[in-house]
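Residue numbers (the working numbering), protein chains in the order written: chain D, 572 to 807; chain L, 572 to 807.
Just so it is clear, CB atoms sit at the ideal spot from N, CA and C, and this is done for glycine as well.
Reading through the structure tokens given below for one structure.
Number of protein chains: 2
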Amino acid sequence: MARTDLPDRRANPVRPARLAHEDARAIAAQPSPATGNARSAGSTAVGGRSAGSRRSEAARLAVLNAADDLLVEYGFEGLTIEGIAAAAGVAKQTIYRWWKSKVDILFDNLVLDAGSALGWPEHPSSPADVRAYVHRFATFLGEEPAGRVLQALLGHAQLDPRTAELLHSGFLDELRARDVAHVRSCLGLADDDRAAAVLDAVLAPLYHRALVLRRPLDAAFVDALLDQQLDQQPAR
Amino acid sequence: MARTDLPDRRANPVRPARLAHEDARAIAAQPSPATGNARSAGSTAVGGRSAGSRRSEAARLAVLNAADDLLVEYGFEGLTIEGIAAAAGVAKQTIYRWWKSKVDILFDNLVLDAGSALGWPEHPSSPADVRAYVHRFATFLGEEPAGRVLQALLGHAQLDPRTAELLHSGFLDELRARDVAHVRSCLGLADDDRAAAVLDAVLAPLYHRALVLRRPLDAAFVDALLDQQLDQQPAR
Numbered sequence: 572m573a574r575t576d577l578p579d580r581r582a583n584p585v586r587p588a589r590l591a592h593e594d595a596r597a598i599a600a601q602p603s604p605a606t607g608n609a610r611s612a613g614s615t616a617v618g619g620r621s622a623g624s625r626r627s628e629a630a631r632l633a634v635l636n637a638a639d640d641l642l643v644e645y646g647f648e649g650l651t652i653e654g655i656a657a658a659a660g661v662a663k664q665t666i667y668r669w670w671k672s673k674v675d676i677l678f679d680n681l682v683l684d685a686g687s688a689l690g691w692p693e694h695p696s697s698p699a700d701v702r703a704y705v706h707r708f709a710t711f712l713g714e715e716p717a718g719r720v721l722q723a724l725l726g727h728a729q730l731d732p733r734t735a736e737l738l739h740s741g742f743l744d745e746l747r748a749r750d751v752a753h754v755r756s757c758l759g760l761a762d763d764d765r766a767a768a769v770l771d772a773v774l775a776p777l778y779h780r781a782l783v784l785r786r787p788l789d790a791a792f793v794d795a796l797l798d799q800q801l802d803q804q805p806a807r
Numbered sequence: 572m573a574r575t576d577l578p579d580r581r582a583n584p585v586r587p588a589r590l591a592h593e594d595a596r597a598i599a600a601q602p603s604p605a606t607g608n609a610r611s612a613g614s615t616a617v618g619g620r621s622a623g624s625r626r627s628e629a630a631r632l633a634v635l636n637a638a639d640d641l642l643v644e645y646g647f648e649g650l651t652i653e654g655i656a657a658a659a660g661v662a663k664q665t666i667y668r669w670w671k672s673k674v675d676i677l678f679d680n681l682v683l684d685a686g687s688a689l690g691w692p693e694h695p696s697s698p699a700d701v702r703a704y705v706h707r708f709a710t711f712l713g714e715e716p717a718g719r720v721l722q723a724l725l726g727h728a729q730l731d732p733r734t735a736e737l738l739h740s741g742f743l744d745e746l747r748a749r750d751v752a753h754v755r756s757c758l759g760l761a762d763d764d765r766a767a768a769v770l771d772a773v774l775a776p777l778y779h780r781a782l783v784l785r786r787p788l789d790a791a792f793v794d795a796l797l798d799q800q801l802d803q804q805p806a807r
């Protein structure tokens, strides 16, 4: 199934188990909000480049992969640039060439992983597409390493305005605008405000469970939530 | 109106404007989960004590008051023990005698302020009591310095397991148990699970707005949320 709209992590020899689907698109070679650097990854994206460029791409991906593995294992406080460098097999200076801090590394990681984890079908058109997306979001937030990254960045955003700005301007605002548009068309709603209200009604309990209650986002909970919230929608 | 169930900040000469009501009860002289120390505060609580003890109480309150003022002004990252000591007019060593870190200071602050800010009537008995409580909670979380403290501690809890344990075992679990019991009796619900579901349905959107969307928790939003969620309740 083709997914759309967010940059996607390409087929990645460093971490094959993390691949979400076969037809991953090229990561947009656009400036990263965290670093201001253009970014690309994977063998196809760098097919025409030099061996040095390929090594550089591989090192960058190794750093990103190491960062969220270590986050899951040691938590945010236990995550250090030294530890990431050791696990990725690169020098600390290499990391500091690309990123200012561990927050910036985690942010780039989130943007990459969310591309595959939080996709929609190419032409979402039905309430079933909304249901499937919300289930994917719950799995992402509650179970996946990149969801743990999002939780950590949301936590850090409560403590540090720069992180809040990066996370919102660089990721959450765009994600929300895309999701509102899809919810609106899938449910045949009259305007974006109504679609945003539906989206918030299903996402708020998921964030609440993950960030405040620390309870699992199990499929039965998500289904009950969707039944309740989507059934409340007025007819088209 | 008498409020019940959580320890309450007593009449406090250091910060009279923060008092929520006249009949504040004595803060329970119970061990603080953050520090393991017994805690008391205010003139009545120390009425029978020595002048040295009163000075000690005043210093402790001055530290707590300084911490959340500085949190609002400079944010968590800008909050330092040095800054708190200077603002409170006490020595750094005095602070370290009572608290291990700024997280512990903020935690004690939260417990004290939540006592007055998040009270219920002594005998809550109607849906109107639930509505009033949820409005108080929204004001607390969205506008008050102690609500900012709760946001910061929830943020830090995403990054640090010890903070998560302290916040949940020392505050959130008890708050939730109390609120579930009151919601159950006020709405005449059959069991705690149903009451917890109602409570979550109204609190989740408030936490989501504060922590994720960064939007105001205005009274109109809270009223619409209550209309929607409380009207869905089955008859008693």
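{"query": "Secondary structure of P692 (chain D), DSSP reduced to three states", "result": "strand"}
{"query": "Rounded separation between A735 (chain L) and V643 (chain D) - CA only", "result": "16 angstroms"}
{"query": "Cα-Cα separation, D794 (chain L) to F711 (chain L)", "result": "16 angstroms"}
{"query": "Contact between the stretch 728–747 of chain D and the stretch 722–735 of chain L (3+ Cβ pairs under 8 angstroms)", "result": "yes"}
{"query": "Beta-carbon proximity list for L777 (chain D), same chain, < 7 angstroms, skipping 5 on both sides", "result": "F708, A709, L712 and L788"}
{"query": "Within chain D, the residues that G690 (chain L) reaches when beta carbons sit closer than 9 angstroms", "result": "In chain order: nothing, as chain D lies at least about 20 angstroms away."}
{"query": "Exposure label - K673 (chain L); buried when at least 16 CB within 10 Å", "result": "buried"}
{"query": "Buried or exposed (CB count within 10 angstroms, at least 16 for buried), S687 (chain D)", "result": "buried"}
{"query": "Range covered by the alpha helix (DSSP H) that runs through K663 (chain D)", "result": "K663 to W669"}
{"query": "Test item: CB-CB of L689 (chain D) and L635 (chain D) under 8 angstroms", "result": "no"}
{"query": "Where R560 (chain D) falls, given that 16 or more other Cβ within 10 Å makes a residue buried", "result": "The structure shown does not extend to residue 560 (chain D), since chain D is modelled only from 572 through 807, so no value can be given for it."}
{"query": "DSSP state of G654 (chain D) mapped onto helix, strand, coil", "result": "helix"}
{"query": "E693 (chain D) to A772 (chain D) span [Cα, whole Å]", "result": "24 angstroms"}
{"query": "Length-filtered (4 minimum) alpha helix (DSSP H) runs lying within the stretch 728–764 of chain L", "result": "732–738 and 744–758"}
{"query": "Partners in chain D for L758 (chain L), counting only beta-carbon separations shorter than 9 angstroms", "result": "Those do not exist, as L758 (chain L) stays about 17 angstroms from chain D at its closest Cβ, beyond 9 angstroms."}
{"query": "Cβ of A573 (chain D) within 8 angstroms of any chain L Cβ", "result": "In this predicted model, A573 (chain D) has a pLDDT of only 44, less than 50, meaning its place in the structure is not dependable enough to derive any value."}
{"query": "Interface residues of the stretch 626–650 of chain L facing chain D [CB-CB below 7 angstroms]", "result": "G646, F647 and E648"}
{"query": "6 angstroms CB neighbourhood of D639 (chain D) in its chain, flanking five on each side removed", "result": "N680, P716 and V720"}
{"query": "Positions along the stretch 709–723 of chain D whose CB lies within less than 7 angstroms of some CB in chain L", "result": "Q722 and A723"}
{"query": "A588 (chain L) versus V661 (chain D) - alpha carbon distance", "result": "For A588 (chain L), the pLDDT reaches just 32, beneath the cut-off of 50, and the residue's location in the model is therefore unreliable, although a value from the coordinates is still provided. Taking the straight line from one Cα to the other gives about 55 angstroms."}
{"query": "Environment of R626 (chain L) [buried if 16+ CB atoms lie within 10 Å]", "result": "exposed"}
{"query": "Whole-Å CB distance - A766 (chain L) paired with L760 (chain L), under 8 angstroms assumed", "result": "5 angstroms"}
{"query": "Chain-ordered neighbours of A685 (chain D) on chain L, where CB pairs are closer than 7 angstroms", "result": "What A685 (chain D) touches in chain L: nothing, since even the nearest Cβ is about 15 angstroms away."}
{"query": "Range covered by the alpha helix (DSSP H) that runs through L782 (chain D)", "result": "From DSSP, L782 (chain D) is part of no alpha helix (DSSP H); its letter is neither H nor E."}
{"query": "Reduced DSSP secondary structure (H/G/I, E/B, other) of F678 (chain L)", "result": "helix"}
{"query": "DSSP three-state assignment for R786 (chain D), whether helix, strand or coil", "result": "coil"}
{"query": "Cβ of V783 (chain D) within 8 angstroms of any chain L Cβ", "result": "yes"}
{"query": "Sequence-distant residues of its chain with Cβ nearer than 7 angstroms to D750 (chain D) (five each side left out)", "result": "L770"}
{"query": "Neighbour flag for Y778 (chain L) against chain D, beta carbons, 8 angstroms", "result": "yes"}
{"query": "Residue-level contact to chain L via CB, G623 (chain D), 8 angstroms cutoff", "result": "no"}
{"query": "Interface residues of chain L facing Q664 (chain D) [CB-CB closer than 7 angstroms]", "result": "Going along chain L, no residue has its Cβ under 7 angstroms from Q664 (chain D), so there is no contact; the nearest lies around 25 angstroms."}
{"query": "Sequence-distant residues of its chain with Cβ nearer than 8 angstroms to S696 (chain D) (five each side left out)", "result": "S756 and C757"}
{"query": "Candidates L:T665, L:E653, L:K671 and L:H753, of which the one nearest A629 (chain L) by Cα", "result": "L:T665"}
{"query": "Residue nearest to R668 (chain D) in terms of C-alpha spacing, selected from D:R631, D:D798 and D:R747", "result": "D:R631"}
{"query": "Test: Q729 (chain L) CB closer than 8 angstroms to a CB of chain D", "result": "yes"}
{"query": "Continuous alpha helix (DSSP H) stretch holding G713 (chain L): start and end", "result": "P698 to E714"}
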